[in-house]
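J.: Residue numbers for the sequence shown follow our numbering, beginning at 20 and rising by one. Every residue gets a Cβ at the ideal spot worked out from N, C-alpha and C, and that includes glycine.
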Amino acid sequence: MGADCGSKAGLFDVSVVIPALNAARHLPATLSACDGVGEIVVVDGGSHDDTVTIATRWGARVIASDPGRGIQLRRGAAAAQREWLLFLHADTVLGDGWSRALSEFTAHQDNRLRAATFQFGVDDLSASARRLERMVAWRVRLLGLAYGDQGLLIHRALYQSLGGYRAWPLMEDADLIRRIGRQRLTVLPAIARTSAERWHQDGWWRRSLRNLGCLTLYFLGTPPHLIAKLYRG
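(1) Tell me where the beta strand (DSSP E) around G140 begins and ends.
(2) Just tell me which of V71, L239, A48 has its CA closest to the CA of D142.
(3) From the DSSP output, in three-state form, read off P86 for me.
(4) Let me know the secondary structure DSSP gives S34 once reduced to three states.
(5) Less than 7 Å between the beta carbons of T120 and I173, yes or no?
(6) Inspect the CB distances between the region 157-167 and the region 65-76 and report whether three or more fall short of 8 Å.
(7) Starting from the N-terminal side, write out each stretch of the alpha helix (DSSP H) that is 4 residues or longer and does not extend beyond the region 66-113.
(8) Determine contact between the region 175-192 and the region 86-97, defined as no fewer than three beta-carbon pairs at a distance below 8 Å.
(9) Would you mind sorting W103 into buried or exposed? The rule is 16 or more other CB atoms within 10 Å of its CB.
(10) Should the region 111-118 be regarded as contacting the region 39-56, the criterion being three or more beta carbon pairs within less than 8 Å?
(11) Suppose you measure from the CA of I196 to the CA of S122; what does that come to, to the nearest Å?
(12) On the criterion of 16 or more Cβ atoms from any shown chain inside 10 Å, does R212 qualify as buried, or is it exposed?
(13) By a C-beta neighbour count over all protein chains shown, 10 Å radius and 16 as the cutoff for buried, is R94 buried or exposed?
(14) Where does R212 sit, in a helix, a strand or coil, going by DSSP?
(15) So is V35 in contact with chain D if we call contact Cβ pairs under 7 Å?
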């Protein structure tokens, strides 16, 4: 599921930023799907597995960081050298047509003042996975609140003008999406398919309710470090 023919030229100006921590199991598929981009930056939070070796083997630039997705995303953005930034989780694989959709978006000058995300997908064939996908699609359509699992494409100038990701332990994705705003967020016609492993471990409803609870606490003004304690506790 690499880059489409005819769209590779549009990918040259894109840096893919991937925060990673012990992601060796998922990272090869994620990196393989990013074929053709100008640069891949993997920000490692101190992995004890083969994450760094795999990233290096795939030609990614590896940046060492303290653990914490907000910290890692922020550091990766600062190190990235291309005009457009595509933030992608280490267990998310871009699906068919992603490169064409991305290239068409970045080709329009006006979109430098907008951001884009992909449609949410889960690599599971169950009815629970399809239900979750519909719930996320509804949330994005109604509230403009995309998951970090959907990836985020944003021009460097807009990212910097918004202050970028905050170095938070949790909710860094919702925070930046909120500052972008629903009116400036486009959903691209391609799927970013994330691993179902977390839902398998926690249960579909339990995991989804936990995510909803964290989002509610965030909107109520609860400090992110407290939300992180509840999330992991």
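T.: According to the structure data:
(1) Unbroken beta strand (DSSP E) run through G140: 134-141.
(2) Selected option, being the one with the closest Cα: A48.
(3) Looking at P86 - three-state DSSP - the assignment turns out to be coil, as it is neither helix nor strand.
(4) In this structure, S34 counts as strand in the three-state DSSP scheme.
(5) Per the sequence presented here, residue 120 reads as Ala, with Thr not at that position. No. Outside cutoff.
(6) No, they do not touch.
(7) 70-76, 88-98, all fully within the region 66-113.
(8) Verdict: yes, contact present.
(9) Classification of W103: buried, given that the 10 Å Cβ count is 16 or more.
(10) Touching, yes, given that three or more Cβ pairs across the two stretches are closer than 8 Å.
(11) Straight-line spacing of the CA atoms in I196 and S122 works out to 21 Å.
(12) Buried is the label assigned to R212, since at least 16 other Cβ atoms lie within 10 Å of its Cβ.
(13) If you draw a 10 Å sphere on the C-beta of R94, you find 16 or more other C-beta atoms in it, and that means buried.
(14) In the structure shown, R212 adopts extended strand secondary structure according to DSSP, grouped into three states.
(15) The displayed structure is made up of one protein chain only, and chain D is not part of it.
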